[in-house]
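Letter by letter, the sequence shown follows residues 3 to 185 in my numbering.
Think of the CB as a built atom: it goes at the ideal place given N, C-alpha and C, for glycine as much as any other residue.
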Amino acid sequence: MRSYEVARKIFSFMEFCGWSLVVIGGLMAVSMAASVGEYGGVGAAVTAFLIGGSIAAVGLIFVGFVQAGRATVDTAEYTQQMLQIARDQLEVSRRGLKGASDAPQSFAAASSREEPPVSSPYRKAEADTPNESEAEPQAAEIPENATMYNGHMIEQRGNRYFVEGASFLTLGNAKRHVKNLTK
3 MRSYEVARKI FSFMEFCGWS LVVIGGLMAV SMAASVGEYG GVGAAVTAFL IGGSIAAVGL
63 IFVGFVQAGR ATVDTAEYTQ QMLQIARDQL EVSRRGLKGA SDAPQSFAAA SSREEPPVSS
123 PYRKAEADTP NESEAEPQAA EIPENATMYN GHMIEQRGNR YFVEGASFLT LGNAKRHVKN
183 LTK
């Protein structure tokens with residue numbers, strides 16, 4: 003999820019410019035100090051060295067700002083990833099709350115949509131009492147590889163998500179499409 007590619011390229015160019023300033027400033031400091039030192043004495047050589055050194059210092063400060071900018075971009079990307087994980091966990095929790103009679107499940111079990119084993123105490127009690135809804139399957143049942151979101155079915159086939167014939171790479175994009183449909 004590298005959504006800040008332009009910023010990264012700009013920062014790479016700016017870092018190159020900063021390191022170039024460091025190298026140019028260093029070369030200027032040495033060469034100017036050597037050439038001025040022959041004619042002007044020690045004071046002139048130190049002054050020439052300070053000019054080149056200050057250019058190199060500005061380059062280093064520039065590189066520092068670039069690295070701070072890159073850290074900001076990294077933070078933004080990690081924040082996007084954390085928000086996506088939180089949204090996915092929220093969706094799994096909502097699915098778990100829909101089936102109040104089901105046994106409590108862990109995040110991994112709910113996300114893989116596996117049913118708890120029949121030997122669990124919750125399922126054993128349900129298995130002892132006949133349920134009329136099991137005898138008559140409803141026509142509006144949701145397939146195992148699909149989920150309902152705002153009244154629309156989002157079906158997963160392979161690595162794609164489908165909403166009313168439209169195909170999406172991520173579940174988040176499919177949900178955004180459903181939100182646009184319900185507006």
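Item, Value
"Euclidean distance between Cα positions of alanine 78 and tryptophan 21", "25 Å"
"For serine 169, the first and last residue of its enclosing beta strand (DSSP E)", "168-170"
"Contact set for glycine 54: own chain, Cβ-Cβ below 6 Å, skip 5 residues either direction", "Gly27, Met30, Ala31 and Met34"
"Nearest residue (CA-CA) to glycine 160, options Leu171, Tyr80 and Arg89", "Leu171"
"C-alpha gap between arginine 72 and alanine 148, whole angstroms", "39 Å"
"Residue from Lys181, Gly167, Arg89 and Asp76 whose Cα sits closest to the Cα of tyrosine 151", "Lys181"
"Pair within 7 Å by beta-carbon distance, leucine 52 and valine 24", "no"
"Segments assigned alpha helix (DSSP H), at least 4 residues, entirely inside the stretch 17-105", "44-100"
"Beta-carbon separation (whole angstroms), glycine 174 vs arginine 89, contact threshold 8 Å", "7 Å"
"Glutamate 7 - DSSP class collapsed to helix/strand/coil", "helix"
"One or two residues paired with arginine 178 in a DSSP bridge", "According to DSSP, arginine 178 bridges with nothing at all."
"Exposure label - phenylalanine 13; buried when at least 16 CB within 10 Å", "buried"
"Close-in-space but distant-in-sequence residues of the same chain around valine 165 (CB under 7 Å, 5 per side omitted)", "His154, Ile156, Ala176, His179 and Val180"
"Three-state secondary structure assigned by DSSP to isoleucine 156", "strand"
"Under 7 Å between C-beta atoms of glutamate 7 and valine 68", "no"
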